[in-house]
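Student: If you use the UniProt record's numbering, the sequence shown corresponds to residues 1 to 289, in order. Using N, Cα and C, we set each Cβ at its ideal position, and we do this for glycine too. Mind having a look at this structure? Questions to follow.
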Amino acid sequence: MYEPSHLRTFLAVAQTLSFTQAARRLGLRQSTVSQHVRRLEDTVGRTLFSRDTHSVELTEDGEAMLGFARRILEVHEQASAFFTGTRLRGRLRFGASEDFVLTRLPEILEGFRYDHPEVDLELTVELSGTLHEQLAAGKLDLVLAKRRPEDPHGELVWHDELVWIGAERLRLDPERPVPLIVFPPPGITRALALEALERQGRAWRIVCTSGSLNGLIAAARAGLGVMAHSRGFVPPGLVRVPERAGLPELGQVDFVLTHGHRRTSAQGAAEALAAAILAGGDRLHRRGT
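In structure tokens, the structure reads:
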């Protein structure tokens with residue numbers, strides 16, 4: 001009933017909220033992406049996206065289709081692997097940035113381990129900048145992390161906005177330096193926050209540095225200061241800093257999958273894990289319980 005290629009296209013549009021970005025991810029023409037979505041909508045008899053010249057948003061039926069599409073594709077891949085007799089093996093070194101600590105990435109990894117029990121999966125959780133350095137040095141095979149603004153590499157998982165967050169009770173004094181809670185260098189979010197404040201000419205001081213996202217969240221919940229964070233990942237107990245605080249806009253951020261440049265025995269496993277993450281990318285926006 002549901003064509004797998006149409007479902008993959010639907011997921012790509014749902015995760016990027018852009019027909020153009022989905023086309024780039026899938027290596028298709030934008031007209032083909034539109035055609036796939038239209039045919040899927042014809043099949044289900046429902047409108048899955050509300051769209052105009054400026055924005056793309058999932059409808060209520062589109063939100064429901066996310067889970068169905070992901071599960072259908074997972075079963076489709078399992079059946080294909082079973083009947084073709086392809087069994088992935090080897091050691092796969094996968095790096096994920098600290099941003100995913102509180103998301104449901106573990107569920108995706110658990111499903112991958114179930115489907116490919118003979119793959120030896122090694123997980124490294126680090127800052128995005130550090131992961132990209134390790135990937136370039138050949139120490140990792142696949143990385144899921146933020147992309148540097150000037151870096152064109154990587155397969156887009158989704159596009160998000162960076163925002164300032166802090167404790168709800170926190171009040172910033174406009175006459176005093178902005179108290180910052182940041183990752184250490186080479187954190188990408190740290191660099192973007194400092195650049196934005198410098199452009200505005202706003203004084204700042206670092207009140208907490210931690211390589212652990214949980215450490216930063218604890219400091220923010222204690223009301224020590226503000227931190228730059230992806231809008232889609234705002235942790236419980238923290239809120240966006242209101243515009244009246246006068247903090248500068250932080251801009252956009254891309255989360256991407258990047259493969260190592262060196263061909264290794266893990267290439268097949270890396271491609272399979274990348275496909276699983278892209279298929280289940282909607283779950284990365286939803287926190288684990």
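What's the C-alpha gap between W158 and D120?
Tutor: If you take the alpha carbons of W158 and D120, they lie about 27 Å apart.
Student: With DSSP collapsed to three states, give me the class of L278.
Tutor: L278: helix per DSSP, three-state reduction.
Student: When the distance is taken between beta carbons, is V37 closer than 8 Å to L26?
Tutor: Not closer than 8 Å, so no.
Student: Do you know how far the Cα of M65 is from the Cα of Q21?
Tutor: Whole-angstrom Cα-Cα distance: 20 Å.
Student: For V241, is the classification buried or exposed, using 16 other Cβ atoms within 10 angstroms of its Cβ as the cut-off for buried?
Tutor: It is buried - the Cβ of V241 has at least 16 other Cβ atoms within 10 Å.
Student: Compare the Cα-Cα distances from L92 to each of E74, I108, L142 and report the closest residue.
Tutor: If we check each option's Cα against that of L92, L142 comes out closest.
Student: Tell whether a beta-carbon distance below 8 Å holds between V226 and P179.
Tutor: Contact flag set, yes.
Student: For S230, which residues in the same chain have their Cβ closer than 7 Å to its Cβ, ignoring the five residues on either side in sequence?
Tutor: Hits under 7 Å: D99, D160, L162, V253.
Student: Quick one: which unbroken beta strand (DSSP E) runs of 3-plus residues sit fully inside the stretch 107–179? Chain order, please.
Tutor: Those beta strand (DSSP E) runs which fall completely within the stretch 107–179 and span 3+ residues are 119–126, 142–146, 155–166.
Student: Please look up how many angstroms separate the CB atoms of L73 and A279, rounded, as I've assumed it's under 8 Å.
Tutor: 5 Å between Cβ atoms; contact.
Student: Give the list of continuous beta strand (DSSP E) stretches no shorter than 3 residues that lie fully inside the stretch 200–273.
Tutor: Runs of the beta strand (DSSP E) inside the stretch 200–273: 204–209, 227–230, 252–259.
Student: Can you find the residues in the same chain that come closer than 6 Å, C-beta to C-beta, to A145, ignoring five residues on each side of it along the sequence?
Tutor: Closer than 6 Å at the Cβ level, and outside the excluded window around A145, lie S97, S128, L131.
Student: Please say whether V56 and L17 have beta carbons closer to each other than 8 Å?
Tutor: Yes.
Student: So E155 and V256 are supposed to be a Cβ contact under 8 Å. How far apart are they, rounded?
Tutor: The Cβ separation is near 6 Å, so the contact holds.
Student: For a test of the three-state rule: what should DSSP assign to S34, helix, strand or coil?
Tutor: If DSSP states are grouped into helix, strand and coil, S34 belongs with the helices.
Student: For Q78, is the classification buried or exposed, using 16 other Cβ atoms within 10 angstroms of its Cβ as the cut-off for buried?
Tutor: Result: exposed.
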